[in-house]
Amino acid sequence: MFVIALTTDLSVGRVNKESLSQVTLLELFSRNIENIETIFDTQETPSEITNWPYVNVNEKHIVVDIRWRNLELKGSVHFEWLPSALSSFTVESNVLTGTLDMASLPPSLVFFNIAGNHFFGTIRLQDLPEKMTVFTISSNVFTGTLDLEHLPSKLVDLQLNSNRFEGSVSLSQLPQNLVGLYLSDNQLHGPVDFTRLPPNLEELSLWGNPLSGFADFSCLPSRLEWLDVSQTNLEGTLIERDSFLANDSKITIQSNRY
């Protein structure tokens, strides 16, 4: 493995991140991955950034894309050391663990996917990078409450399903460009306001949450193609559509045929 002559108290605050090479940044990011040889077929990391598997660079050899998907990686990673120009990042379907500090993510990040791991702790969605369009952390063990009222304006797809989020949830101030919102299989509770959903929303999944109270479905966006409120305690009347699901709930499905 690499040897780096910094202090044992290694932190972004003590080291000028921009002064480090792209290779060093990735080494710091991945230094606690237990089976790094899964990526490199060796314990030694390549000395040239262009030789790192599943890593794409621009014409200046600056890392812009990391795709370590489905490699059975174990251990933890350090998001604070991700290269500053990174725009796309995925470590989907591994066995990675650790916490996620949104404020430490690169400001240039547009696509972020860590679904299907063992990441945990609370998150601050209000600290997401402003350029973020796709943010996926489904199938982890994140906890705490969700602030959906201060999301990046460019966000298009938000996948938070299959975690352990709790508390009430507000859907009244979502980004206008949001197309997909997935909150299913959590512990969200209380009523939900469906009357102020963003106009471009096409898919909304809330199934498997103990949500309750009356739900007004009379003002759903015209572009909404798929809605799943199954396995909730919501009450109300939903116009029948093949892609509108309300199984095991108190919602009445009303036929749109006369």
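Numbering (numbering that gives the first Met the number 0), first residue to last: 0 to 257. Ideal placement from N, C-alpha and C gives every residue a C-beta, glycine not left out.
**Report entry** Same chain only: Cβ atoms within 6 Å of THR236, ignoring 5 sequence neighbours per side
**Finding:** THR251, GLN253
Query raised in the report: Under 7 Å from any heavy atom of the ligand ADP, does the C-beta of LEU233 make it?
Result: For the ligand ADP, the structure offers nothing, since it holds no ligand at all.
Report task. Take the Cβ of PHE88 as the centre, count every other Cβ of all protein chains shown within 10 Å, and call the residue buried at 16 or more, exposed below. Result -> buried
Query raised in the report: Just reading off the beta strand (DSSP E) that GLU310 is part of, what are its end residues?
Result: Since the first residue of the chain shown is 0 and the last is 257, residue 310 is not available in this structure.
Query raised in the report: Per DSSP, ASP64 is paired with what?
Result: ASN55, SER87
**Report entry** Buried versus exposed, by CB contacts within 10 Å (16 or more), TYR181
**Finding:** buried
Query raised in the report: How many Å lie between ASN208 and ASN176 at the Cα?
Result: 25 Å
Query - Reference VAL90, options LEU226, ARG240, ASN112, SER46, closest by Cα - result: ASN112
Requested in this report: Apply the 10 Å Cβ neighbour rule to GLN125 and answer buried if 16 or more other Cβ atoms are within range, or exposed otherwise.
Outcome: exposed
Query - MET0 - DSSP class collapsed to helix/strand/coil - result: Any answer about MET0 is weak, because its pLDDT of 45 lies below 50 and its placement is not dependable; what the coordinates show is given next. In the structure shown, MET0 sits in coil (DSSP, three-state: anything other than H, G, I, E or B).
Query - Closest by C-alpha distance to PRO198, when choosing among SER204, ASP192, LEU173, LEU187 - result: LEU173
**Report entry** GLN21, buried or exposed, once every other Cβ within 10 Å from all chains shown has been counted against 16
**Finding:** buried
Query - First and last residue of the uninterrupted beta strand (DSSP E) at THR251 - result: 249 to 253
Report task. Run through the region 133 to 157 for me and flag every whole alpha helix (DSSP H) of 4 or more residues, listed as ranges in chain order. Result -> none
Query raised in the report: Whose CA, out of SER229, LYS153, LEU159, THR132, lies closest to the CA of LEU145?
Result: LEU159
Query raised in the report: Near PHE213, what residues of its chain come up, given a Cβ to Cβ distance below 6 Å and the 5 sequence neighbours on each side ignored?
Result: GLU234, GLY235
Query raised in the report: With burial defined as no fewer than 16 other Cβ atoms inside 10 Å of the residue's Cβ, what is the status of THR132: buried or exposed?
Result: buried
Report task. Compare the Cα-Cα distances from ASP184 to each of GLU239, TRP206, LEU95, VAL140 and report the closest residue. Result -> TRP206
**Report entry** Distance, VAL191 Cα to ASP64 Cα
**Finding:** 37 Å
Query raised in the report: Since PHE312 sits in a beta bridge, which residues does DSSP pair it with?
Result: In the structure as shown, the chain starts at 0 and stops at 257, and residue 312 therefore has no counterpart that could be examined.
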